[in-house]
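Each residue of the sequence shown is one higher than the one before, starting from 488 at the first, in the numbering used here. Let me begin by presenting the structure, written as structure tokens, before commenting on it.
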Amino acid sequence: MKKIKVLALTLVFAFAALGGAYALWFDELYVNATAKTGIVDLEWTGLKAVDPEPNYTGYDGDVYGTDQNRDGLDTMDPGNKNDNKNIGSLSAEIKKSPKSENAGDQDKVSRFDKLQMSLKNGYPGYQEYVDVKIKNVGTVPVKFEEPLFEGVPAWLLVDICEQTNADYIPFDLTAVQVEPGEEVPIKIVCRVIEDLGDGAICPQNATASFSISLKGVQWNEYDFDLVDEIQFPRKDNFPYPPDEPEV
Ligand SMILES: [Ca+2]
Ligand SMILES: [Ca+2]
Ligand SMILES: [Ca+2]
């Protein structure tokens with residue numbers, strides 16, 4: 488309160504002084520500044536599908552493969568001695584997503600945000616995957632929220648795991664931070680299951696559309712609510728060195 492009174496009084500004197508201040512010498516200092524914001528933008532890249540089309544129903548060959556190299560054969564579980572055949576397929580394509588209506592999602596660099604996957608002629612035991620990378624094409628680091636799986640039918644297992652074929656290691660996307668220019672390799676694996684519990688079994692000739700949403704957010708707002716006010720004290724990790732001369 489005292490400070491405010493002193494300030495008010497100073498202002499009164501300052502205005503009074505202005506009245507008589509005409510032809511005095513003076514100099515003015517300026518601040519010219521530019522400000523530019525960064526970009527949060529991700530894209531899919533580096534797609535590799537291990538069992539793409541055509542499958543048995545999509546070409547004129549036999550079930551033992553689409554060509555002399557027997558391409559397209561479906562994987563079998565370890566220990567399964569039955570012969571490999573090309574029955575199902577899991578294709579994938581990176582596509583441009585429509586312009587987002589969410590103001591936070593601006594796609595300043597890339598709209599290749601859509602990974603379209605298509606599993607055809609699946610059967611219980613059919614399990615294949617696609618390898619793909621998430622690339623930070625923006626200029627701001629990104630962290631991920633929990634992936635959102637929507638519409639996955641009860642007869643399908645879908646998961647995100649590490650890009651190794653040696654073992655099944657689920658990938659925790661929320662544990663990574665992607666710097667600008669960096670890529671995160673992931674594997675998206677699908678498996679048609681047989682036993683749905685309570686006597687139910689995987690339906691034949693069934694179709695399902697499902698989606699996985701991976702939301703990357705600016706890293707500094709992850710689990711933290713920003714306030715639009717100037718905040719102090721500043722957490723200065725690297726304060727001026729004590730011997731640094733003032734400019
Ligand atoms: Ca994008
Ligand atoms: Ca196949
Ligand atoms: Ca987008």
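Heads up, the beta-carbon is just placed ideally off N, CA and C, and yes, glycines get one too. What you are looking at is a predicted structure, and each value in this text was computed from that prediction instead of being measured.
Can you find the residues in the same chain that come closer than 6 Å, C-beta to C-beta, to residue i, ignoring five residues on each side of it along the sequence?
i           : result
residue 595 : 526, 528
residue 627 : 525, 527, 705
residue 674 : 616, 618, 648, 650
residue 620 : 532, 533, 670, 672
residue 721 : none
Confirm, please, whether the CB-CB distance from residue j to residue i is below 8 Å.
i           : j           : result
residue 738 : residue 630 : In the structure displayed, the chain extends from 488 to 734; residue 738 sits before or after that span and is not available.
residue 614 : residue 678 : yes
residue 543 : residue 608 : yes
residue 642 : residue 680 : yes
residue 605 : residue 584 : no
residue 666 : residue 724 : no
residue 617 : residue 516 : no
residue 575 : residue 546 : no
residue 711 : residue 638 : no
residue 540 : residue 600 : no
residue 701 : residue 660 : yes
residue 591 : residue 573 : no
residue 603 : residue 580 : yes
For residue i, list the residues DSSP reports as bridge partners.
i           : result
residue 727 : Paired residues: none, contrary to the question.
residue 699 : 636
residue 606 : 577
residue 471 : Lying outside 488 to 734, the shown extent of the chain, residue 471 is not represented and no answer is given.
residue 704 : 630
residue 623 : 529
residue 601 : 582
Closer than 8 Å by C-beta to residue i: which residues in its own chain qualify, once you throw out the five before and the five after it? Chain order, please.
i           : result
residue 664 : 628, 629, 630, 706
residue 719 : none
residue 640 : 693, 695, 697
residue 586 : 594, 598
Just to confirm my understanding: we take residue i, look at its own chain, exclude 5 residues before and 5 after, and list those with CB closer than 7 Å. What are they?
i           : result
residue 571 : 560, 561, 563
residue 511 : none
Practice prompt. Return the chain-ordered ranges of every beta strand (DSSP E) run that is complete within the region 535 to 591 and spans a minimum of 3 residues.
Written response: Listed in chain order, the complete beta strand (DSSP E) runs (minimum 3 residues) inside the region 535 to 591 are 576 to 582.
Worksheet item: Taking only runs of the beta strand (DSSP E) that begin and end inside the region 631 to 690, which ones reach a length of at least 3 residues, in chain order?
Response: List check, beta strand (DSSP E) in window: 635 to 637, 643 to 648, 670 to 679, 682 to 684.
Worksheet item: Quick one: any contact between the region 565 to 574 and the region 645 to 656, if contact means 3 or more CB pairs under 8 Å?
Response: As far as the Cβ criterion goes, the region 565 to 574 does not touch the region 645 to 656, which means the pair count is below three.
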